[in-house]
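K.L.:
After the structure tokens below, expect a handful of questions from me.
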Amino acid sequence: MPDASPTTVAQSTHDPVVAGPAVDPEERELVAAVIRKDRKATAELVGRFADAIHAYVRQRLAPRAEMVDDLVQEVFLAALKGLPSFAGRSSLKVWLLGIARHKVEDHYRAHLRRAETLSDFDDDSAFVPVEQPRFDELIDDERVRDKTRRVLARLPEAYGYALLWRYWERRSVREIAAQTGRTEKAGERLLARARTQFKRLWEVD
Amino acid sequence: MDSEHFFAVVADDTGPDPERDPAPARLKSQIYSRLLAEQAATGRLLSVSETRQSGRPLCVFEALVAHVPLPESVKSMNPCYVCHARHLAEHLDHAPIFWPNCPYSEFHRP
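Which chain is which? The protein sequence lines are A and B, in order.
Counting in this note's numbering, the first sequence runs from 105 upward without gaps.
Counting in this note's numbering, the second sequence runs from 4 upward without gaps.
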């Protein structure tokens, strides 16, 4: 199981939830009941946290919605295995989102490593600067949300994941490059092309 | 607005939203079934009698099993495996199941 410690989760200022106070007694009881294999407690765990985990994974896997269900299920399976080591230093939700974050980053890593062989990342002729999108386009949150999802879905998978990893998970180019076995320069090139393509699709959407 | 700023604004505006992207009831049902199967694979589940004693209400079928004079090991089995509610809940987005205290019904409650 990945290290999903609350410390790791709290490192990003862009986390879906901010690490809160230590876990409350009710959550401790729920964890203990799930470990005792109380079926109703297991149902409560799913019912209480599946929406938050699903929303996070759905948003982070925007280009590949069909992968979301499997990944959410993996998060809960990993959580079930890891519950005995849940120390209660954060809320259960933060802890679960930490596991989800690791799963999402594993997914990015695997896909971007595979994409390394795509030659177009190294083809500078593909790079054409485009105009910056206008700020007033970003005012309507709902519209931005829908448009972002559409644009990400139309991007090549590797571009979408690179952007999500960089800007939504707020990982540095150096971190992304290191995790995918690229040089930092290659990581910059991938992101530059991803940004260009994103903005081009944004303009025509 | 430069690229970095643009993407920072877009990312901030499009964070996860559980109200907008809730887990489908079908998925919750599948996850619950999978977790119970995992738990059962590594030792018996808490029996339905023990579950009731711990203060969690049972559905009508579980309550029936709890009342029958059977060994606890039998009462630890999961009657949901043979229940129509589980089957419907795992395959439909709006399953017509309304049993009180049935987790699958709870997942599908609007």
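Here a beta-carbon is modelled for each residue, glycine too, at the ideal position from N, C-alpha and C.
Quantities reported herein were computed from a predicted structural model and do not represent experimental measurements.
Would you mind sorting A281/A into buried or exposed? The rule is 16 or more other CB atoms within 10 Å of its CB.
P.N.:
Counting Cβ neighbours within 10 Å, A281/A comes out buried, since at least 16 surround it.
K.L.:
Note down the Cα distance separating A156/A from L267/A, rounded to an integer number of angstroms.
P.N.:
Distance between the alpha carbons of A156/A and L267/A is about 22 Å.
K.L.:
Can you check the region 36-103 of chain B for any alpha helix (DSSP H) of at least 4 residues that lies completely inside it and give the ranges in chain order?
P.N.:
You should have 51-56, 63-70, 75-78, 87-94.
K.L.:
Tell me the rounded alpha-carbon separation between A262/A and H215/A.
P.N.:
The alpha-carbon atoms of A262/A and H215/A are separated by roughly 7 Å.
K.L.:
Can you confirm whether Q163/A, when its beta carbon is compared against all beta carbons of chain B, has any partner nearer than 8 Å?
P.N.:
True, the Cβ-Cβ gap to chain B drops below 8 Å.
K.L.:
Can you give me the Cβ contacts of L165/A inside the same chain, cut-off strictly under 6 Å, excluding the 5 residues immediately before and after it?
P.N.:
Here the set comprises M171, V172.
K.L.:
Compare the C-alpha of H70/B against each of C83/B, E53/B, Y84/B and name the closest.
P.N.:
When only C-alpha atoms are compared, the closest one is E53/B.
K.L.:
Return helix, strand or coil for P54/A, following the three-state DSSP convention.
P.N.:
Because chain A in this structure spans residues 105 to 309, residue 54/A falls outside the shown range and cannot be described.
K.L.:
Taking 8 Å as the threshold (beta carbon to beta carbon), is D224/A in contact with chain B?
P.N.:
Confidence in D224/A is poor, its pLDDT being 47 and thus under 50, which makes the residue's placement too unreliable to answer from.
K.L.:
Starting from the Cα of R218/A, find the closest Cα among G186/A, D245/A, R286/A, L201/A and give me that residue.
P.N.:
Among G186/A, D245/A, R286/A, L201/A, the Cα nearest to that of R218/A belongs to R286/A.
K.L.:
Report the option in E7/B, H8/B, V12/B whose CA atom is closest to the CA atom of D245/A.
P.N.:
Ranking the options by Cα distance to D245/A, first place goes to V12/B.
K.L.:
Flag this pair as yes or no: are the beta carbons of R29/B and H94/B separated by less than 8 Å?
P.N.:
Yes, they are a contact pair.
K.L.:
Any idea if G291/A is buried or exposed, counting beta-carbon neighbours within 10 angstroms, 16 or more meaning buried?
P.N.:
Looking at its Cβ environment, which holds 16 or more other Cβ atoms inside 10 Å, G291/A is buried.
K.L.:
Could you check which residue in D20/B, Y35/B, P113/B, H8/B has the C-alpha nearest to that of D250/A?
P.N.:
Nearest C-alpha to D250/A: D20/B.
K.L.:
For a contact defined as C-beta to C-beta under 9 Å, what are the partners of K141/A on chain B?
P.N.:
Residues of chain B passing the Cβ test: L39, Q42, A43, T45, G46, R47, L48, L49, S79.
K.L.:
Mind listing the chain D neighbours of Y271/A? Cutoff is C-beta to C-beta under 8 Å, in chain order.
P.N.:
Looking at the structure shown, chain D is missing, and the protein chains on hand are A and B.
K.L.:
Tell me the DSSP secondary structure of L165/A in three-state form.
P.N.:
Of the three classes helix, strand and coil, the one that applies to L165/A here is coil, per DSSP.
K.L.:
For the region 63-91 of chain B, list every residue whose C-beta sits within 9 Å of some C-beta in chain A, in sequence order.
P.N.:
Flagged, chain order: E65, S79, N81, C83.
K.L.:
If you run the structure through DSSP and keep just helix, strand and coil, what is T287/A?
P.N.:
Residue state, collapsed to three classes: coil.
K.L.:
Taking the alpha helix (DSSP H) that K185/A falls in, what are its first and last residues?
P.N.:
K185/A -> alpha helix (DSSP H) spans 172-186.
K.L.:
Does S276/A come out as helix, strand or coil in the three-state DSSP assignment?
P.N.:
Of the three classes helix, strand and coil, the one that applies to S276/A here is coil, per DSSP.
K.L.:
For V150/A, which option in S79/B, E7/B, K31/B, R112/B has the closest C-alpha, if you only look at C-alpha atoms?
P.N.:
Closest option to V150/A, Cα to Cα, is K31/B.
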